[in-house]
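Notes for the one structure printed next.
Number of protein chains: 2
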Amino acid sequence: MTKPLIQIALDSTDLDTAVSVANNVESFVDVIEVGTILAFAEGMKAVRTLRASHPDHIIVCDMKTTDGGAILARMAFEAGANWLTVSAAAHIATIEACKKIADELGGEIQIELYGNWTLEDAQAWVDLGIKQAIYHRSRDAELAGVSWTDSDINRMRVLSELGLEVSITGGIVPQDIHLFEGIKAKTFIAGRALANDTGKETAEALRTEINKYW
Amino acid sequence: MTKPLIQIALDSTDLDTAVSVANNVESFVDVIEVGTILAFAEGMKAVRTLRASHPDHIIVCDMKTTDGGAILARMAFEAGANWLTVSAAAHIATIEACKKIADELGGEIQIELYGNWTLEDAQAWVDLGIKQAIYHRSRDAELAGVSWTDSDINRMRVLSELGLEVSITGGIVPQDIHLFEGIKAKTFIAGRALANDTGKETAEALRTEINKYW
Chain A
1 MTKPLIQIAL
11 DSTDLDTAVS
21 VANNVESFVD
31 VIEVGTILAF
41 AEGMKAVRTL
51 RASHPDHIIV
61 CDMKTTDGGA
71 ILARMAFEAG
81 ANWLTVSAAA
91 HIATIEACKK
101 IADELGGEIQ
111 IELYGNWTLE
121 DAQAWVDLGI
131 KQAIYHRSRD
141 AELAGVSWTD
151 SDINRMRVLS
161 ELGLEVSITG
171 GIVPQDIHLF
181 EGIKAKTFIA
191 GRALANDTGK
201 ETAEALRTEI
211 NKYW
Chain B
1 MTKPLIQIAL
11 DSTDLDTAVS
21 VANNVESFVD
31 VIEVGTILAF
41 AEGMKAVRTL
51 RASHPDHIIV
61 CDMKTTDGGA
71 ILARMAFEAG
81 ANWLTVSAAA
91 HIATIEACKK
101 IADELGGEIQ
111 IELYGNWTLE
121 DAQAWVDLGI
131 KQAIYHRSRD
141 AELAGVSWTD
151 SDINRMRVLS
161 ELGLEVSITG
171 GIVPQDIHLF
181 EGIKAKTFIA
191 GRALANDTGK
201 ETAEALRTEI
211 NKYW
């Protein structure tokens with residue numbers, strides 16, 4: 001199993017702040033995400049700008065694509081994204097349209113798991129050739145105090161066993177990493193925890209834990 | 001029952017095109033939507049620009065909000081949107097966060113019906129005070145040739161009976177309007193059909209049909 005990567009989610013409402021954070025963290029993160037908030041605030045200029053200044057990082061465009069898949073996927077990949085998020089709630093035809101553009105332009109699709117998705121849905125994604133999913137503790141659920149549960153972990157295991165690499169997000173801290181042992185974890189995603197003054201130490205602590213379990 | 005409005009969805013990938021279309025159609029549409037594609041292409045500048053040039057129209061920001069509800073809702077409403085779309089797949093805490101900001105800033109939330117939503121979900125939205133939903137024939141489903149079905153119509157009726165005003169979209173043509181008789185239809189949404197050379201005639205034909213059934 002390959003070692004999980006560390007991903008920063010840039011979710012500021014202006015590009016200047018995002019650029020500044022990205023410059024501060026680039027030495028200790030593998031993946032830079034243009035979060036939904038940043039993408040809606042500044043448009044694809046945000047992806048183009050971060051692509052230009054971080055040519056060797058994986059860039060994610062977190063559109064949570066729900067419809068209009070072909071056009072949104074082309075926009076994101078042509079702006080320089082490597083990976084694009086697509087909502088689990090999207091019609092399978094939308095997911096297929098995104099996958100087709102990803103294949104054409106050399107990108108990857110990540111299914112972002114929101115809503116009442118089923119195992120049949122997950123199998124349909126795998127059947128389309130999708131390789132990644134994102135297991136998300138909702139920011140708002142997190143704010144509401146809902147923590148990682150056995151049900152979360154079990155669902156991640158099932159996805160992993162279906163062959164999906166799972167990125168994991170929602171209040172990730174080093175002391176939780178052991179919970180995900182045995183799962184094909186693609187990235188651990190954090191925002192403020194990596195952006196603040198102790199971000200480098202947090203990233204090092206995450207890598208130490210990752211190295212124990214993968 | 002109030003008469004359904006006519007809404008244009010602006011889904012170009014650049015603001016200049018959207019501005020030009022909006023100027024062409026403003027005399028015969030009630031609601032101008034900054035579509036997801038336009039919003040991701042140009043950011044909130046698109047909402048600000050259209051708000052400034054169409055001060056008397058209802059402006060929708062079609063974010064299909066799935067997480068980070070408070071921040072996205074504030075961005076959209078402060079940019080000048082009257083209505084904000086929120087995905088049915090969002091956690092109820094996200095929908096509640098959006099509703100709270102809408103109440104604070106004088107906006108409205110529209111639940112955009114994607115994914116495996118249930119009647120229990122719909123009741124929970126109504127319980128939060130949500131007044132609008134959008135019934136969407138997926139653009140990609142439409143491209144795949146999936147038409148309006150009895151199941152579509154029945155689900156709209158159920159939502160309407162729960163008290164939700166339903167906006168209806170996905171290849172809307174005047175000859176289909178009769179299908180939705182008896183439903184609390186808030187708007188009929190179209191894009192290219194209103195933007196092209198015969199857009200004004202299409203809008204007139206839609207209003208003629210609307211006047212027959214509401």
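Protein chains in written order, with full-length UniProt numbering: chain A, 1 to 214; chain B, 1 to 214. Glycine residues also receive a C-beta, built at the ideal position from the N, C-alpha and C atoms.
Pairwise C-alpha distance: residue j and residue i
| i | j | result |
| --- | --- | --- |
| Gln63 (chain B) | Ile134 (chain B) | Checking the sequence, you will find Met at residue 63 (chain B) rather than Gln. Their backbone Cα atoms lie some 13 angstroms apart in a straight line. |
| Leu50 (chain A) | Asp150 (chain B) | 47 angstroms |
| Lys100 (chain B) | Lys212 (chain A) | 43 angstroms |
| Asp16 (chain A) | Thr208 (chain B) | 50 angstroms |
| Glu168 (chain B) | Asn24 (chain A) | In the sequence on display, residue 168 (chain B) carries Ile and not Glu. Cα to Cα, Ile168 (chain B) sits roughly 46 angstroms from Asn24 (chain A). |
| Ala195 (chain A) | His57 (chain A) | 16 angstroms |
| Ile111 (chain A) | Asn82 (chain B) | 30 angstroms |
| Arg155 (chain A) | Gly191 (chain A) | 23 angstroms |
| Val21 (chain B) | Val173 (chain A) | 48 angstroms |
| Ala76 (chain A) | Met44 (chain A) | 7 angstroms |
| Ile71 (chain B) | Ser12 (chain A) | 10 angstroms |
| Leu113 (chain B) | Glu78 (chain A) | 29 angstroms |
| residue 216 (chain B) | Cys98 (chain B) | Nothing about residue 216 (chain B) can be reported from this structure: the residues present for chain B run from 1 to 214 only. |
| Val166 (chain B) | Leu105 (chain A) | 37 angstroms |
| Thr202 (chain A) | His91 (chain B) | 28 angstroms |
| Thr66 (chain A) | Val86 (chain A) | 6 angstroms |
| Leu159 (chain A) | Gln123 (chain A) | 9 angstroms |
| Leu10 (chain B) | Leu38 (chain B) | 7 angstroms |
| Gly170 (chain B) | Trp214 (chain B) | 20 angstroms |
| Ala193 (chain A) | Phe40 (chain B) | 26 angstroms |
| Asp30 (chain B) | Ile32 (chain A) | 40 angstroms |
| Pro55 (chain A) | Ile153 (chain B) | 49 angstroms |
| Lys186 (chain A) | His136 (chain B) | 33 angstroms |
| Gly80 (chain B) | Ala102 (chain B) | 12 angstroms |
Buried/exposed call for residue i, threshold 16 Cβ in 10 Å
| i | result |
| --- | --- |
| Ala52 (chain B) | exposed |
| Met1 (chain B) | exposed |
| residue 244 (chain B) | Here chain B comprises residues numbered 1 to 214, so residue 244 (chain B) is not present and cannot be evaluated. |
| Leu164 (chain B) | buried |
| Lys3 (chain B) | exposed |
| Leu119 (chain B) | exposed |
| residue 217 (chain A) | In the structure as shown, chain A begins at 1 and stops at 214. Residue 217 (chain A) is therefore absent and cannot be evaluated. |
| Val34 (chain A) | buried |
| Gly107 (chain A) | buried |
| Thr198 (chain A) | exposed |
| His178 (chain B) | exposed |
| Val60 (chain B) | buried |
| Gly145 (chain A) | exposed |
| Gly129 (chain A) | exposed |
| Glu42 (chain B) | buried |
| Gln132 (chain B) | buried |
| Asp14 (chain A) | exposed |
| Asp121 (chain B) | buried |
Start-to-end residues for the beta strand (DSSP E) that takes in residue i
| i | result |
| --- | --- |
| Thr85 (chain B) | 83-87 |
| Phe40 (chain B) | Where Phe40 (chain B) is concerned, there is no enclosing beta strand (DSSP E), although the alpha helix (DSSP H) it sits in stretches over 36-42. |
| Ser151 (chain A) | Per DSSP, Ser151 (chain A) belongs to no beta strand (DSSP E); it is in the alpha helix (DSSP H), 150-161. |
| Glu64 (chain B) | At residue 64 (chain B) the sequence reads Lys, which differs from the Glu that was named. That run of the beta strand (DSSP E) goes 58-65. |
Collapsed DSSP secondary structure at residue i in the structure displayed
| i | result |
| --- | --- |
| Leu50 (chain A) | helix |
| Ala185 (chain B) | strand |
| Glu108 (chain B) | strand |
| Asp14 (chain A) | coil |
| His136 (chain A) | strand |
| Thr169 (chain A) | strand |
| Ile130 (chain A) | coil |
| Ala90 (chain B) | coil |
| Ala9 (chain B) | strand |
Expected contact under 8 angstroms - CB spacing of residue i and residue j to nearest Å
| i | j | result |
| --- | --- | --- |
| Ala18 (chain B) | Ala46 (chain B) | 7 angstroms |
| Ile189 (chain A) | Arg157 (chain A) | Rounded, the Cβ-Cβ distance is 19 angstroms, inconsistent with contact. |
| Ala93 (chain A) | Gly115 (chain A) | The pair is not a contact, with the Cβ atoms about 17 angstroms apart (cut-off 8 angstroms). |
| Ile8 (chain B) | Leu206 (chain B) | Not really, about 11 angstroms apart at Cβ, beyond 8 angstroms. |
| Gly69 (chain B) | Ile95 (chain B) | 7 angstroms |
| Leu84 (chain B) | Ile109 (chain B) | 6 angstroms |
Residue i: CB within 7 angstroms of a non-hydrogen atom of the ligand SAH
| i | result |
| --- | --- |
| Ala81 (chain B) | By its list of ligands, the structure shown contains no ligand whatsoever, and the ligand SAH lies outside what it can speak to. |
Enclosing alpha helix (DSSP H) for residue i [first to last residue]
| i | result |
| --- | --- |
| residue 218 (chain B) | For residue 218 (chain B) there is no data in the structure shown, the boundaries of chain B being 1 and 214. |
| Met75 (chain B) | 69-79 |
| Glu26 (chain B) | Neither: Glu26 (chain B) is in no alpha helix (DSSP H) and is coded neither H nor E. |
| Ala124 (chain A) | 119-127 |
| Leu194 (chain B) | 192-195 |
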